[in-house]
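Once you know that position 121 of the sequence shown is 127 in the working numbering, the rest is easy, because the numbers rise by one and skip nothing. All C-beta atoms, glycine included, are put in the ideal place defined by N, C-alpha and C.
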Amino acid sequence: MSTTQNERLRELLEPLVATRGLDLEEVTVTPAGRRRVLRVVVDSDEGVQLDTCAELSRAASEILDETDVMGGAPYVLEVTSPGTDRPLTEPRHYRRAVGRLIRARLTEEAGGGEVVARILDADGDGVEVEVPGVKGRKPTTRRIALDEIARARVEIEFNRKADEKAGKTRQAAASDDESQEEA
7 MSTTQNERLR
17 ELLEPLVATR
27 GLDLEEVTVT
37 PAGRRRVLRV
47 VVDSDEGVQL
57 DTCAELSRAA
67 SEILDETDVM
77 GGAPYVLEVT
87 SPGTDRPLTE
97 PRHYRRAVGR
107 LIRARLTEEA
117 GGGEVVARIL
127 DADGDGVEVE
137 VPGVKGRKPT
147 TRRIALDEIA
157 RARVEIEFNR
167 KADEKAGKTR
177 QAAASDDESQ
187 EEA
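Below, the structure is given as structure tokens:
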């Protein structure tokens, strides 16, 4: 039997979350004045919709009301998806970040230092990343084992959409050129 409140909450909520095809990423209880905030963070490969969070919140509330796991003190339940600045700690986090730019601190055993790179592929053992070229050099591809990463986070890219649009524009132009050649 679990001893901490967070462990009991996780045991109670994990099956509920799993039946909806979601992963229970985090359960935290923090004081907020005379109340407490129970934050339940869920995620999936497809992301999490607001409606899913609302429905899960209602279902979790019913289950929590049937138990004494939160005790008698008032609390606020928040069901949410992880933020963009969430640490990447599980293989699924890296898999979900394919195509994104990350900043990773390497372990001392892996030579230490920091790597900023785009995830090209991820599996249960590691990630294949593209490290941008510096001073006109071409980008390089590198494989990093997960146990070589001390900590990592997704980097927020404000200009990423512009880059993607430019790529789509180039693809559309190339497609138009091919269509004109066929005609």
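(request) Can you tell me which of the three DSSP states L94 falls into? (result) coil
(message) Under 8 Å, with one C-beta from each stretch per pair, do the region 79-92 and the region 117-132 reach the 3-pair mark?
(response) no
(request) Consult DSSP for L44 and reduce its assignment to one of helix, strand or coil. (result) strand
(request) Look at the alpha carbon of P138 and the alpha carbon of T146, and state the distance between them as a whole number of angstroms. (result) 7 Å
(message) So for I69, helix, strand or coil by DSSP?
(response) helix
(message) Can you find the residues in the same chain that come closer than 6 Å, C-beta to C-beta, to P88, ignoring five residues on each side of it along the sequence?
(response) E31, V47, D49
(message) Under DSSP, the beta strand (DSSP E) around V35 begins and ends at which residues?
(response) 29-38
(message) Could you check whether P97 and L152 sit closer than 8 Å to each other, using their CB atoms as the reference points?
(response) yes
(message) I need the straight-line Cα distance from K141 to L126, nearest angstrom please.
(response) 22 Å
(request) State the DSSP-derived secondary structure class of V122, mapped to helix, strand or coil. (result) strand
(request) Please classify V85: does DSSP put it in a helix, a strand, or coil? (result) strand
(message) What residue range does the beta strand (DSSP E) around A24 cover?
(response) Where A24 is concerned, there is no enclosing beta strand (DSSP E), although the alpha helix (DSSP H) it sits in stretches over 11-24.
(message) Under 8 Å: do the region 99-107 and the region 63-79 share three or more Cβ pairs, one atom per stretch?
(response) no
(request) Using beta-carbon positions only, say whether Q11 and V43 come within less than 8 Å of one another. (result) no
(request) Have a look at I162 and R102 and give me their C-alpha separation to the nearest angstrom. (result) 15 Å
(message) What does the alpha-carbon distance come out to for the pair G117 and G53?
(response) 34 Å
(message) Applying the 10 Å Cβ sphere with the 16-neighbour rule, what's the burial state of E17?
(response) exposed
(request) Leaving aside the five residues before and after K171 along the sequence, list all residues of the same chain whose C-beta is less than 6 Å from its C-beta, in chain order. (result) Caution is warranted here: a pLDDT of 43 is assigned to K171, below 50, making its placement in the model unreliable, and the coordinate value is therefore given only provisionally. Closer than 6 Å at Cβ, skipping near neighbours: no residue.
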